[in-house]
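One structure is given here, and the rest of the page talks about it.
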Amino acid sequence: MAERDRAGEPAAGQVAGVDRQALDEVVRFTSELIRIDTSNAGDGACRERPAAEYVAERLAEAGLTPTLLERTKGRTNVVARIDGTDPGADALLVHGHLDVVPAEPADWSVHPFSGEVRDGVVWGRGAIDMKNMDAMMLAAVRQWARSGVRPRRDIVLAFTADEEASAEDGSGFLADRHAGLFEGCTEGISESGAFTFHAGSGMRLYPIAAGERGTAWLKLTARGRAGHGSKVNRDNAVSRLAAAVARISAHEWPVRLTPTVRAALRELAALHGVAVDVDAPRFEVDALLGKLGPAAKLVEPTVRNSANPTMLSAGYKVNVIPGSAVAQVDGRVVPGGEAEFRTTMDELTGPDVSWDYQHREVALQAPVDSPAFAAMRAAIERFDPDGHVVPYCMSGGTDAKQFSRLGITGYGFSPLKLPEGFDYQALFHGVDERVPVEGLHFGVRVLDHFLRTV
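So, in structure tokens, the structure goes:
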């Protein structure tokens, strides 16, 4: 293990680390980005441009030439490239989104768009998802400009719009219309990985995402015969829809283990001292999950497909049976599970209810034995040598889905060291979202080291 000085930087003779200015800037940038309200309710009203202009200004101050791109007025993306020292090396994409989910101020301890720094914590919507990573990206590359650092690989920085909805104005637009900006990129990193997960008994895990379930947001429509609420009606659309929703909710999906999930189970089992062969024909995944304690949460959502009813709409008056009823379902599909998902939805909805995709995106897998994954593991272990890096598959999705159209393999790597009791996953889209200052400092150090050495 490399020796370090009191600031947590490598000692003389080691790879240089970030400076004090970068540590200050990552906190300031996180706070200031939070203050720019980029709430995305999915209705098209979001305007990321003020945040995009803020990012572009910080990049320009570092001598970069950012490009601002819009599909829809105000829905702004920023892309910039840093030339590497090896022109023959593949480029690396580092991306973060600028939009956030809405927040209701009355529910929060502090105003969600205050960016307040209190007692060593930065508060506000986006502190975790994911203006913190945006700030890390800015702080790291500005440090490079001050110290004359150039990475080996070209680094493409992308700050996107619309990730919290369809990504049509963000990464989807960039991948479809501006693919040339990502020329040479073979791998990418972004959100939802390399955070501290406290697994009990002092064990600190750092899950790095090497896969995502596919997105299958569905609209169910039941049709029937409209009529008076007091009359017998065997063709009631509401009843038909309710029955289909109940079947979907009660369905038990079969286990479908992907290579990423198998790798996660192997490493978690070894760390917990559980002898098991995850490739055995009679392997019982639920039995193993019961032995993994809190760490089971990292894997449990991704061993199966899922479909959760989330919205219902029908009728306009209590004594009128409507002619149609609509529900929405949040479906998620493991890699390789799409055919099973479609067949199962056909069976569960039945002959009286139709369904269609409202939004659909592919499932992803990334190799866990790649040099990039090894470099991510090494960067985490350099700054927390007692931590344990494990691969995992995200239950949801990120902009990596859209960038995969360009042949870019995506990983979830936005490092944060978090204290015990700090529930990172619960703060995603949750009330009182916040991030410790020391977590940001750890994150920018790890990100800087990874980008220099990958």
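The opening position of the sequence shown corresponds to residue 57 in our numbering, with each subsequent residue numbered one higher. Every residue gets a Cβ at the ideal spot worked out from N, C-alpha and C, and that includes glycine.
| Asked | Found |
| --- | --- |
| When you compare only the Cα positions, how much space is there between Asp425 and Glu160? | 43 Å |
| From this set, Glu476, Val493, Arg501 and Pro423, which residue's C-alpha is nearest Ala254's C-alpha? | The question names Ala, but residue 254 in the sequence shown is His. Comparing Cα positions, the closest option is Glu476. |
| So what's Thr399 in DSSP terms, helix, strand or just coil? | helix |
| Give the DSSP bridge partners of Arg388, in chain order. | Thr271 and Ser362 |
| Alpha carbon to alpha carbon, how far is Glu109 from Arg501? Give it in angstroms, no decimals. | 25 Å |
| Please state the DSSP three-state secondary structure of Gly463. | coil |
| Can you find the residues in the same chain that come closer than 6 Å, C-beta to C-beta, to Val111, ignoring five residues on each side of it along the sequence? | Val134 and Phe215 |
| How long is the line joining the alpha carbons of Ser248 and Val409, rounded to whole angstroms? | 36 Å |
| For Leu125, does the three-state DSSP call read helix, strand or coil? | strand |
| By how many angstroms is the C-alpha of Ser286 removed from the C-alpha of Gln574? | Within the shown structure, residues of the chain are numbered from 57 to 510, placing residue 574 beyond reach of any answer. |
| Does the pairing of the stretch 427-442 with the stretch 388-404 give three or more beta-carbon distances under 8 Å? | no |
| Distance, Cα to Cα, Ser380 vs Gly283? | 11 Å |
| Looking at Ala250: is its Cβ nearer than 9 Å to the Cβ of Val389? | no |
| Beta-carbon within less than 6 Å of His167's beta-carbon, same chain only, minus the 5 sequence neighbours each way: which residues are those? | Pro161 |
| Run through the DSSP bridge pairs and tell me what Tyr480 is partnered with. | Bridge partners of Tyr480: none, in fact. |
| Let me confirm a value: Ala63 is counted as buried when at least 16 other C-beta atoms fall within 10 Å, else exposed. Which label applies? | Here Ala63 scores only 39 on pLDDT, less than 50, and its place in the model should not be relied on; the value that follows carries that caveat. It counts as exposed. |
| Give a yes or no on whether 9 Å exceeds the smallest Cβ distance from Gly453 to chain B. | Chain labels in this structure do not include chain B; a single protein chain is all it has. |
| Which residues in the same chain as Ala431 place their Cβ atom closer than 7 Å to its Cβ, once the five residues preceding and following it in sequence are excluded? | Phe506, Thr509 and Val510 |
| Would you mind stating whether Ala97 and Pro143 have Cβ atoms separated by less than 9 Å? | no |
| Distance, Cα to Cα, Val493 vs Asn188? | 10 Å |
| Helix, strand or coil: how does DSSP classify Asn375 here? | coil |
| Grab the span of the beta strand (DSSP E) containing Asn133 for me, first residue to last. | Thr132 to Ile138 |
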